[in-house]
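**Student:** Handing you a structure now.
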Amino acid sequence: MRIFIGAAIFLTSAFCIFLIEGICFRMVEKYAIFRLESSWGTNNSKNFNKYLSFLPINHFAQPPKVSSEIEFSMIRAIEEDKYAAEIMSFGRPQRDDYADFIENTDPNRKSFQIKDLNHIRGLMLPGLKRFPTDEEVAKGWAGRQRDQIEYAKALFIDLKPFSTAFSFDEKTDNENRSNDYLLEQGIAFLDLPVQDVDSLVSDLRMLKKNYPAVCQKIICRATGKESEILLGSCSSNPFLVNMIILDCPKGYSKVPQVESAPWFYCTLKKQDLKNITLVDGLLDWVTAARESSYIYPSKIGGLMRIKDNYSAKNLASFHIPLINQCISFFESLESENARSFELKKTIGKEPTNQNLHRSVNVEALPQALDFSKIKDLQSELPKLESIQSKAFDCKMVREYRKLHENDLTIAQTQNRELILKIGANLDQMGFDVMQEVRKKDPLFYQFYQSLKIIEVQSNDSLK
Numbered sequence: 079m080r081i082f083i084g085a086a087i088f089l090t091s092a093f094c095i096f097l098i099e100g101i102c103f104r105m106v107e108k109y110a111i112f113r114l115e116s117s118w119g120t121n122n123s124k125n126f127n128k129y130l131s132f133l134p135i136n137h138f139a140q141p142p143k144v145s146s147e148i149e150f151s152m153i154r155a156i157e158e159d160k161y162a163a164e165i166m167s168f169g170r171p172q173r174d175d176y177a178d179f180i181e182n183t184d185p186n187r188k189s190f191q192i193k194d195l196n197h198i199r200g201l202m203l204p205g206l207k208r209f210p211t212d213e214e215v216a217k218g219w220a221g222r223q224r225d226q227i228e229y230a231k232a233l234f235i236d237l238k239p240f241s242t243a244f245s246f247d248e249k250t251d252n253e254n255r256s257n258d259y260l261l262e263q264g265i266a267f268l269d270l271p272v273q274d275v276d277s278l279v280s281d282l283r284m285l286k287k288n289y290p291a292v293c294q295k296i297i298c299r300a301t302g303k304e305s306e307i308l309l310g311s312c313s314s315n316p317f318l319v320n321m322i323i324l325d326c327p328k329g330y331s332k333v334p335q336v337e338s339a340p341w342f343y344c345t346l347k348k349q350d351l352k353n354i355t356l357v358d359g360l361l362d363w364v365t366a367a368r369e370s371s372y373i374y375p376s377k378i379g380g381l382m383r384i385k386d387n388y389s390a391k392n393l394a395s396f397h398i399p400l401i402n403q404c405i406s407f408f409e410s411l412e413s414e415n416a417r418s419f420e421l422k423k424t425i426g427k428e429p430t431n432q433n434l435h436r437s438v439n440v441e442a443l444p445q446a447l448d449f450s451k452i453k454d455l456q457s458e459l460p461k462l463e464s465i466q467s468k469a470f471d472c473k474m475v476r477e478y479r480k481l482h483e484n485d486l487t488i489a490q491t492q493n494r495e496l497i498l499k500i501g502a503n504l505d506q507m508g509f510d511v512m513q514e515v516r517k518k519d520p521l522f523y524q525f526y527q528s529l530k531i532i533e534v535q536s537n538d539s540l541k
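Note that this note's numbering has the sequence shown beginning at 79, numbered continuously upward.
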């Protein structure tokens with residue numbers, strides 16, 4: 079009886095400790111950051127805590143794999159969304175604090191200093207001042223050491239459409255409160271209308287030159303068409319910006335091949351996932367931002383979220399803890415002059431979906447991608463001990479490979495290519511033939527219909 083009571087007390091105590099720990103992690107910011115740093119180390123750490131890495135906690139969640147084993151970028155985007163929600167769980171207390179600040183309007187709103195620079199209007203400064211270092215005086219940031227200089231932890235730039243209709247006075251109360259929150263955190267703020275890539279690069283350089291202590295770290299946010307301008311600027315000038323935040327971008331640019339790429343966070347609507355070319359391009363930025371030897375950027379440097387009507391409000395605060403971690407990380411690199419400005423070494427890569435193009439039967443093109451059946455059909459496919467490639471595996475491809483088992487060209491061809499080749503031939507034979515194949519191998523049919531849309535989107539993007 080005593081053993082039973084002792085075991086019950088032990089289990090109850092363990093459960094209470096576990097419950098209290100979870101509540102503290104969810105609601106107490108200092109504890110959440112403490113647990114994060116205990117797991118990942120300092121901001122410029124390159125190694126996990128070897129004693130805690132065995133525990134099943136969110137900090138050690140593995141990012142989605144970047145390989146040809148994932149058939150469609152939509153599937154990887156969904157996996158990225160789940161990963162981002164899990165890995166950023168430490169940010170819930172900060173997000174709650176931000177949400178409370180937005181909702182609780184202050185009638186006595188604090189005033190901040192606003193400065194104009196040529197055509198750039200409305201640069202809001204947090205009011206932080208300090209004495210310059212010898213190095214900063216030598217750079218011309220101040221006339222002498224006893225002259226205080228204005229500084230900020232970072233500059234947050236919200237890119238706006240370049241239009242005469244744009245007005246700084248049209249901002250909503252929530253937007254003003256959001257700006258105030260950043261300013262009270264020591265982050266300067268600027269609404270910047272942009273016209274093209276060259277003008278944005280010129281404005282960023284001018285800001286860095288005139289306000290160096292404010293613009294040591296720059297975070298840029300863009301929505302819609304302005305997202306492509308921002309990515310184009312960072313593609314050719316990757317070290318002008320420390321972090322990129324995109325909301326429902328309409329386009330993308332080539333990823334810069336540098337060692338220390340800007341941090342990257344974007345949100346997409348569910349319907350945006352149908353634009354495979356766009357999703358592929360944005361996932362390249364996510365991947366590049368996480369390619370780092372440092373723990374923090376390798377885990378949270380590149381993230382993607384998918385929003386709908388239900389989650390849109392919840393994701394409005396998702397970038398707040400990410401911004402704080404980005405600033406802390408680059409501060410740690412600056413203190414040791416450790417940021418790399420080198421180009422990546424070129425490595426031969428396997429051809430990806432977006433550089434394989436061919437003609438497809440547009441008349442037979444489905445109206446939309448349908449991934450609902452693919453995973454169920456894949457689970458029904460008999461497993462083989464050894465196959466050429468797990469991606470796009472189906473009965474039709476297996477039979478085709480078996481018929482051409484002595485053909486070296488077929489052996490070296492990816493399943494994706496074979497599906498498009500076989501499908502194109504079947505399309506030429508007529509609708510009835512394709513419907514027979516659909517009954518025989520529904521997984522092949524789903525793969526082929528989806529790939530036709532991807533091919534047409536890819537070909538259109540090259541025009």
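The beta carbon of each residue, even a glycine, is placed where N, CA and C say it ideally should be. Remember, it's a predicted structure, so these values are computed and weren't measured experimentally.
Report the rounded CA-to-CA distance for Asp175 versus Ser395, giving the unit in angstroms.
**Tutor:** One C-alpha to the other measures close to 10 Å.
**Student:** Mark Pro460 as exposed unless 16 or more other C-beta atoms lie within 10 angstroms of its C-beta, in which case mark it buried.
**Tutor:** With fewer than 16 other Cβ atoms within 10 Å, it is exposed.
**Student:** Locate the beta strand (DSSP E) running through Cys326, then write down its first and last residues.
**Tutor:** Cys326 -> no beta strand (DSSP E), and no H or E assigned at all.
**Student:** To the nearest angstrom, how far is the alpha carbon of Arg283 from that of Tyr523?
**Tutor:** The alpha-carbon atoms of Arg283 and Tyr523 are separated by roughly 52 Å.
**Student:** Would you tell me roughly how many angstroms separate the C-alpha atoms of Ile398 and Arg173, rounded to the nearest one?
**Tutor:** Their backbone Cα atoms lie some 7 Å apart in a straight line.
**Student:** Which whole-angstrom value is the C-beta distance of Asp236 and Arg187, which I expect to be below 8 Å?
**Tutor:** Rounded, the Cβ-Cβ distance is 19 Å, inconsistent with contact.
**Student:** For Glu99 and Met166, I'd like the C-alpha separation in whole angstroms.
**Tutor:** So the two alpha carbons sit approximately 17 Å from each other.
**Student:** To the nearest angstrom, report how far apart Glu412 and Asn122 are at their CA atoms.
**Tutor:** C-alpha separation (whole angstroms): 10 Å.
**Student:** Measure the C-alpha to C-alpha separation of Ile373 and Glu115 and round it to an integer number of angstroms.
**Tutor:** Ile373 and Glu115: Cα-Cα distance of roughly 11 Å.
**Student:** With distances taken from CA atoms, which of Leu201, Glu213 and Ser338 is nearest Leu270?
**Tutor:** It is Leu201 whose Cα lies nearest to the Cα of Leu270.
**Student:** Within a Cβ cutoff of 7 Å, which residues of the same chain sit near Arg516, ignoring the five residues on either side of it in sequence?
**Tutor:** Correct list, in chain order: Tyr523.
**Student:** To the nearest angstrom, how far is it from the Cα of Met79 to the Cα of Met382?
**Tutor:** Approximately 54 Å between the Cα atoms of the pair.
**Student:** Measuring CB to CB, does Ile180 end up less than 8 Å from Ser256?
**Tutor:** Taking 8 Å as the Cβ cut-off, Ile180 and Ser256 qualify as a contacting pair.
**Student:** Can you tell me whether Arg224 is buried or exposed, with buried defined as 16 or more other CB within 10 angstroms of its CB?
**Tutor:** Exposed.
**Student:** What do you reckon, are the CB atoms on Leu356 and Tyr330 nearer than 8 Å?
**Tutor:** Closer than 8 Å, so yes.
**Student:** Are the beta-carbon atoms of Ile265 and Cys298 separated by less than 8 Å?
**Tutor:** Not a contact, by the Cβ cut-off of 8 Å.
**Student:** Could you round the C-beta distance between Cys312 and Pro327 to whole angstroms and report it? I think they count as a contact, below 8 Å.
**Tutor:** Not a contact, Cβ separation roughly 12 Å.
**Student:** If distances are taken between C-alpha atoms only, which option among Val364, Gly302 and Ser338 comes closest to Lys347?
**Tutor:** Among Val364, Gly302 and Ser338, the Cα nearest to that of Lys347 is on Gly302.
**Student:** Output the distance between the C-alpha atoms of Thr120 and Arg368, rounded to the nearest integer angstrom.
**Tutor:** Rounded to the nearest angstrom, the two C-alpha atoms are 17 Å apart.
**Student:** Helix, strand or coil for Arg187, going by three-state DSSP, please let me know.
**Tutor:** Looking at Arg187 - three-state DSSP - the assignment turns out to be coil, as it is neither helix nor strand.
**Student:** Taking all protein chains shown into account, do 16 or more other C-beta atoms lie within 10 angstroms of the C-beta of Thr549, making it buried, or fewer, making it exposed?
**Tutor:** Because the chain is modelled from 79 through 541, residue 549 falls outside the range shown and cannot be assessed.
**Student:** Counting only runs of 4+ residues fully inside the segment 157 to 217, write out the alpha helix (DSSP H) ranges in chain order.
**Tutor:** For the segment 157 to 217, whole alpha helix (DSSP H) runs of length 4 or above, ordered along the chain, are 170 to 181 and 212 to 217.
**Student:** Note down, in chain order, each residue of its chain lying with its Cβ closer than 6 Å to the Cβ of Ser376, except the 5 sequence neighbours on either side.
**Tutor:** The answer, listed in chain order, is Arg368 and Ser370.
**Student:** Quick check: what's the CA-CA separation for Ile555 versus Gly169?
**Tutor:** Nothing about residue 555 can be reported from this structure: the residues present for the chain run from 79 to 541 only.
**Student:** I'd like to know whether the C-beta atoms of Lys473 and Asp505 end up nearer to each other than 8 Å.
**Tutor:** Cβ atoms of Lys473 and Asp505: not closer than 8 Å.
**Student:** Is the CB-CB distance between Lys287 and Asn320 below 8 Å?
**Tutor:** No, they are not a contact pair.
**Student:** What are the partner residues of Tyr343, as DSSP defines its beta bridges?
**Tutor:** In the DSSP output, where bridge partners are listed per residue, Tyr343 has Ile323 and Leu381.
**Student:** Please name the residue or residues paired with Glu228 in a DSSP beta bridge.
**Tutor:** Note: Glu228 sits in a beta bridge opposite Lys207.
**Student:** What's the gap between the Cα of Leu97 and the Cα of Leu89?
**Tutor:** Going from the Cα of Leu97 to the Cα of Leu89 covers about 12 Å.
**Student:** I need the boundaries of the alpha helix (DSSP H) containing Arg113, first residue and last residue.
**Tutor:** Its alpha helix (DSSP H) spans residues Glu107 to Trp118.
**Student:** Cβ atoms of Phe240 and Gln273: under 8 Å apart, would you say?
**Tutor:** Cβ atoms of Gln273 and Phe240: closer than 8 Å.
**Student:** Thinking just about the alpha-carbon of each residue, which of Ile354, Ala232 and Ile384 is nearest to the one in Leu318?
**Tutor:** The shortest C-alpha separation from Leu318 is found at Ala232.
**Student:** Nearest to Lys207 by alpha carbon, out of Asp159, Phe267, Ala220 and Arg479?
**Tutor:** The shortest Cα separation from Lys207 among Asp159, Phe267, Ala220 and Arg479 belongs to Ala220.
**Student:** In chain order, what residues of the same chain lie with their CB nearer than 6 Å to the CB of Ile488, ignoring the 5 residues before and after it?
**Tutor:** Contacts found: His482.
**Student:** With a cut-off of 8 Å on the beta carbons, I'd call Val475 and Leu496 a contact; round off their distance for me.
**Tutor:** Between Leu496 and Val475 the Cβ distance is about 5 Å, and since that is below 8 Å, they are a contact.
**Student:** Taking the beta strand (DSSP E) that Cys298 belongs to, which residues open and close that run?
**Tutor:** First-last of the beta strand (DSSP E) with Cys298: Ile296 to Thr301.
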